[in-house]
Amino acid sequence: YLQEFEVSQEYKDLISTLPMEKGWLASHLHQYQGFWHITRQLQGVLSCQKHFNALNSDILIVTNPKSGTTWLKAWIFALLNRKKYPKMFQNHPLLTKNPHFLVPFLELDFYKDKDLVPELSTIPSPRLFSTHLPYVSLSKSVLDTDCKIVYLCRNPKDTFISLWHFTNKLKMEGTCANSLEDSFEKFCNGVSLCGPFWDHVLGYWKKSLEEPKKIMFMRYEEMKKSPSFVLKQVARFVGCPFSKEEEDEGVVDDILKLCSFKNLSNLEVNKKGKLSSGEEHSAFFRCGKVGDSKNYLTTEMIEKLDAITEKKLAQHGLRF
Ligand code: A3P
4 YLQEFEVSQE YKDLISTLPM EKGWLASHLH QYQGFWHITR QLQGVLSCQK HFNALNSDIL
64 IVTNPKSGTT WLKAWIFALL NRKKYPKMFQ NHPLLTKNPH FLVPFLELDF YKDKDLVPEL
124 STIPSPRLFS THLPYVSLSK SVLDTDCKIV YLCRNPKDTF ISLWHFTNKL KMEGTCANSL
184 EDSFEKFCNG VSLCGPFWDH VLGYWKKSLE EPKKIMFMRY EEMKKSPSFV LKQVARFVGC
244 PFSKEEEDEG VVDDILKLCS FKNLSNLEVN KKGKLSSGEE HSAFFRCGKV GDSKNYLTTE
304 MIEKLDAITE KKLAQHGLRF
């Protein structure tokens, strides 16, 4: 899973000074600006912070890992490109490419290797990027420009179970799976990919209240419950609302159908392919249900996670 990667002097100077914990995969986790990143990812975090120049017209999908990133990438990609590919079920890029290929991550794809600055200025606007970066680690330009942030999160119990399955699927053959109990302890202690989960959500929640035109705060559960309502909300937020004609022609429903779990997970590309970083596309499609965590967590675990969530988020008006 972990590939060789090149690092900058800044990275080398920094990494030995950071708190470190055993990770969920082969790599360790390093705590930078209060959040945990795997060794490989930390270089991307630093380069992205330093070099990414946001434009006013940019759209940034930000998620807590395992919150439905793949689904939201597909939604917004289809939304922005609906005029270009009107025959959605014939020649749409989502039929032959994984959403992570179409909407790459800043820190994991564009900025992943040392201090190389990728040429992003030639991408036609609006440019669509994604990131798992916590609010405090965003490049200054993201905050200084009018670029829009669509933030997606999911209830912590399902997020945890999804992450547990995902990391066990990525573990190299011949290595032991992570036990549910060990992973649970780590997650509760905040030691998870871009964790603590609660701090990640809170950073964006607070800003979304202060600047609702800049940050749209979304939940996976709402995407599941009222998909067409939420998709239309996103379309308005990113500045390309559906016209009455489009709604009458069924464009909203077509996008939802194209991006549905059933459709995407059954495509050849998502059953067989791999990302350049090594993860199998199929690992991003497990069951896509709300509440699946209750099939795995004990009553004590549920109580413990609920109590942490209540303690950390309720005072800010946020509940799951
Ligand atoms: P589960 O493991 O609970 O099934 P991410 O994309 O952020 O890595 O999140 C992955 C989670 O989103 C997985 O959850 C996955 O099944 C679910 N998912 C992926 N594509 C989806 C889709 N089109 N609709 C609904 N859920 C989807």
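So that you can map any letter, position 265 of the sequence shown is 268 in the UniProt record's numbering, and since no number is skipped, the others follow by simple counting.
Glycine is no exception: its CB is placed at the ideal position from the N, C-alpha and C atoms.
Helix or strand or just coil, what does DSSP make of residue i?
| i | result |
| --- | --- |
| residue 175 | coil |
| residue 290 | coil |
| residue 1 | What is shown of the chain runs 4 to 323, which leaves residue 1 out entirely. |
| residue 331 | Summary: the structure shown does not reach residue 331, with the chain confined to residues 4 through 323, and so no result is reported for it. |
| residue 252 | helix |
| residue 283 | strand |
| residue 264 | helix |
| residue 245 | coil |
| residue 200 | helix |
| residue 323 | coil |
| residue 2 | It is not possible to answer for residue 2, since the shown part of the chain is limited to 4 through 323. |
| residue 186 | helix |
| residue 298 | helix |
| residue 83 | helix |
| residue 225 | helix |
| residue 195 | coil |
| residue 169 | helix |
| residue 126 | coil |
| residue 270 | coil |
| residue 159 | helix |
| residue 213 | helix |
| residue 120 | coil |
| residue 5 | Here the model assigns residue 5 a pLDDT of 42, short of 50, so the residue's position is not dependable, and the following value carries that caveat. If DSSP states are grouped into helix, strand and coil, residue 5 belongs with coil. |
| residue 113 | helix |
| residue 88 | coil |
Tell me where the beta strand (DSSP E) around residue i begins and ends.
| i | result |
| --- | --- |
| residue 312 | Run containing residue 312: none in the beta strand (DSSP E); it sits in the alpha helix (DSSP H), 302-316. |
| residue 220 | 218-222 |
| residue 131 | 131-134 |
Which two residues bound the contiguous alpha helix (DSSP H) that contains residue i?
| i | result |
| --- | --- |
| residue 153 | Run containing residue 153: none in the alpha helix (DSSP H); it sits in the beta strand (DSSP E), 151-156. |
| residue 98 | Premise fails: residue 98 is in no alpha helix (DSSP H) and is neither H nor E. |
| residue 145 | 143-147 |
| residue 232 | 230-240 |
| residue 17 | 12-18 |
key: 4-residue-minimum alpha helix (DSSP H) runs that sit fully inside the stretch 28-79, ordered along the chain   = Taken in chain order, the whole alpha helix (DSSP H) runs of length 4 or more contained in the stretch 28-79 are 42-54.
key: the stretch 234-243 in contact with the stretch 193-211 per 3-pair CB rule at 8 Å   = No: fewer than three Cβ pairs fall under 8 Å.
ask   = Counting pairs of Cβ atoms below 8 Å between the stretch 43-54 and the stretch 131-140, do you hit three or more?
value = At 8 Å Cβ cutoff, the stretches touch.
query = With distances taken from each beta carbon to the nearest heavy atom of the ligand A3P, which residues come in below 6 Å, in chain order?
reply = Put simply, the residues with a CB less than 6 Å from any heavy atom of the ligand A3P are 66, 68, 69, 70, 71, 72, 73, 74, 161, 165, 168, 262, 263, 264, 267, 287, 288, 289, 290, 291, 295, in chain order.
ask   = Counting pairs of Cβ atoms below 8 Å between the stretch 186-200 and the stretch 65-74, do you hit three or more?
value = Enough Cβ pairs lie closer than 8 Å, so yes.
Inter-stretch contact (C-beta, 8 Å, three-pair minimum) for the stretch 148-167 and the stretch 219-228 = Judged by Cβ distances under 8 Å, the stretch 148-167 makes contact with the stretch 219-228, as three or more pairs qualify.
ask   = Just checking, does the stretch 105-115 make contact with the stretch 54-64 on the three C-beta pairs under 8 Å criterion?
value = In the pairwise beta carbon analysis, the stretch 105-115 is classified as touching the stretch 54-64: at least three pairs are separated by under 8 Å.
Three or more C-beta pairs below 8 Å linking the stretch 79-91 and the stretch 253-263 = The answer is yes - the stretch 253-263 touches the stretch 79-91, with three or more Cβ pairs under 8 Å.
message = Check whether the stretch 24-39 and the stretch 160-179 are in contact - that is, three or more C-beta pairs closer than 8 Å.
response = Yes, since at least three Cβ pairs between the stretch 24-39 and the stretch 160-179 fall closer than 8 Å, the two stretches touch.
message = Count Cβ pairs between the stretch 123-130 and the stretch 308-321 that sit closer than 8 Å; are there 3 or more?
response = No, the stretch 123-130 does not touch the stretch 308-321.
query = Is there contact here, the stretch 244-252 with the stretch 267-276, by at least three beta-carbon pairs under 8 Å?
reply = With the cut-off at 8 Å, the stretch 244-252 and the stretch 267-276 do not touch.
request  = Please determine if the stretch 59-66 and the stretch 75-86 are in contact, where contact requires at least 3 C-beta pairs separated by less than 8 Å.
outcome  = Of all C-beta pairs linking the stretch 59-66 to the stretch 75-86, three or more are shorter than 8 Å, placing the two stretches in contact.
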